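Just below is one structure, and these are the notes that go with it.
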Amino acid sequence: PNLGELRIGSTLLTEIKGLSFLQDLEILLLSNNKYLENIDFEGVNNLRYLDISHNKKLNPNCLKHINYLEELWYLDGTLNNLSSIIHLTNLKVLNLSYNLDIDKSLTTITLELPIFPTSSITKKMIAI
C-alpha cells in the first residue's frame, strides 16, 4: 500500500482490476502489454505519471478515473477523440507518439494550444 512506483511489462493480461488499494501510487509504467484492453484506475488518486506505451488494444476510456495526472505517455495505440483525456487538466507533459492512431480530424486540434484550457502544457512539451 505504500508503493510509489509500479512497472508491469510484457504480460498476457487483458485486464488489470483492483488497483484501488494502491492509493499512494504515483508512477505507473505499463509498457508492451500486447493484449491489455482495460485498466481499472478507480481509487488510484495520487497517480502523477502514466506510461501506457505500446498497448495497441488498450481502450483510452479507462483513463476517466484518473484526475491528477501530470505526465502521460500514450504511444502506439488508438485515440479516436480527446474526450478520454480532456479532463486531465493537471497535465504538464503529454507525449503522443508517431505510432498513435489518431483520428485525422484531431491532428490540428492537438497542435492548437491550449489543448486543455486550464493546463500549463506548451508546444515544447507535446511530441506527436
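Counting with the working numbering, you get residues 1191 to 1318 for the letters of the sequence shown.
Ideal Cβ positions, reconstructed from N, Cα and C, are used throughout, including at glycine.
Everything numeric in this text was worked out from a predicted model, so none of it was measured.
- The DSSP-derived three-state label of Asn1251 is helix.
- By DSSP's assignment, Tyr1225 forms no beta bridge with any residue.
- His1244 places its beta carbon less than 8 Å from that of Ser1221.
- A check of alpha carbon separations from Leu1240 across Glu1232, Ile1217, Leu1248 identifies Ile1217 as the nearest.
- Nearest to Ser1274 by alpha-carbon distance, out of Glu1195, Asn1257, Lys1224, is Asn1257.
- Per DSSP, reduced to three states, the secondary structure at Leu1284 is strand.
- Short of 6 Å from the beta carbon of Thr1201, and not among the five residues preceding or following it, lie these beta carbons of its own chain, in chain order: Asn1223.
- Counted as a single uninterrupted DSSP element, the beta strand (DSSP E) harbouring Tyr1239 occupies residues 1239-1241.
- A direct Cα-Cα distance of roughly 9 Å separates Lys1247 from Thr1204.
- The Cβ atoms of Tyr1264 and Leu1278 lie no closer than 8 Å to each other.
- Taking C-beta atoms as the reference points, Asn1235 and Gln1213 count as a pair closer than 8 Å.
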